[in-house]
Amino acid sequence: MSHPNVELIKRFYQAFQRLDAETMAACYGADVRFSDPVFEDLRGAAAGDMWRMLAARAQAFSLSFERVQADDHRGSAHWVATYVFSQTGRTVVNRIEARFVFHDGKIIEHRDRFDLWRWASQALGLKGLLLGWAPPVRRAIRRQASMGLQQFRTARAQRD
Numbered sequence: 001m002s003h004p005n006v007e008l009i010k011r012f013y014q015a016f017q018r019l020d021a022e023t024m025a026a027c028y029g030a031d032v033r034f035s036d037p038v039f040e041d042l043r044g045a046a047a048g049d050m051w052r053m054l055a056a057r058a059q060a061f062s063l064s065f066e067r068v069q070a071d072d073h074r075g076s077a078h079w080v081a082t083y084v085f086s087q088t089g090r091t092v093v094n095r096i097e098a099r100f101v102f103h104d105g106k107i108i109e110h111r112d113r114f115d116l117w118r119w120a121s122q123a124l125g126l127k128g129l130l131l132g133w134a135p136p137v138r139r140a141i142r143r144q145a146s147m148g149l150q151q152f153r154t155a156r157a158q159r160d
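Mind the numbering: the sequence shown is residues 1 to 160 in full-length UniProt numbering, read in order.
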């Protein structure tokens, strides 16, 4: 039998494959910290809401994962998400290295690393290819993602 934290990572990504953001969020501790090149510092419920937003907006989505490793404190995985970026209709294949920290059977820190320039080249086309490396473009990508998450969270709070 594999380590319980290996099973936790697998449960997280299997839920992601089904776009089951509630199960994904349930894998997180209440005070989880999430970061990636776009969402640089999400904490607590904001991290789960990011997955809820992404799952709700997913188009032509598929996900694979491999190289899952974990011990009592830390873990890692490699995953690939393929989807249509809704703002441009362009297909993105994003290759991501994930690192995790665990406490009491939950993920308390989740850091994803990927090449933002490569992502921008796929998602934004020529503009992303030519300017995706530039700090102003990266800031714009982050700002737009942050605003989208804020709008999603506001709408969700109004429904609840």
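Glycine included, C-beta positions come from ideal geometry on N, C-alpha and C.
Of the other Cβ atoms in all chains shown, fewer than 16 fall within 10 Å of the Cβ of D72; this residue is therefore exposed. At a Cβ-Cβ threshold of 9 Å, G75 and R111 do not count as neighbours. For D71, the three-state secondary structure derived from DSSP is coil. Taken in chain order, the whole alpha helix (DSSP H) runs of length 4 or more contained in the UniProt domain "SnoaL-like" (9–110) are 21–26 and 45–57. Per DSSP, the unbroken alpha helix (DSSP H) holding F152 starts and ends at P135 to R159. Scanning L130, I141 and F102 for the CA closest to the CA of P4 turns up F102. In this structure Y83 is in contact with F61, their Cβ atoms being roughly 4 Å apart against a cut-off of 8 Å. Here D112 is bridged, per DSSP, to A98. In this structure, DSSP gives S121 a helical state, which the three-state scheme calls helix. Segment contact: the segment 85–98 against the segment 116–125, three or more CB-CB distances shorter than 8 Å; contact assigned.
Using a Cβ distance threshold of 9 Å, A21 and W51 count as a contacting pair. The three-state reading of DSSP puts G128 in helix, counting H, G and I together.
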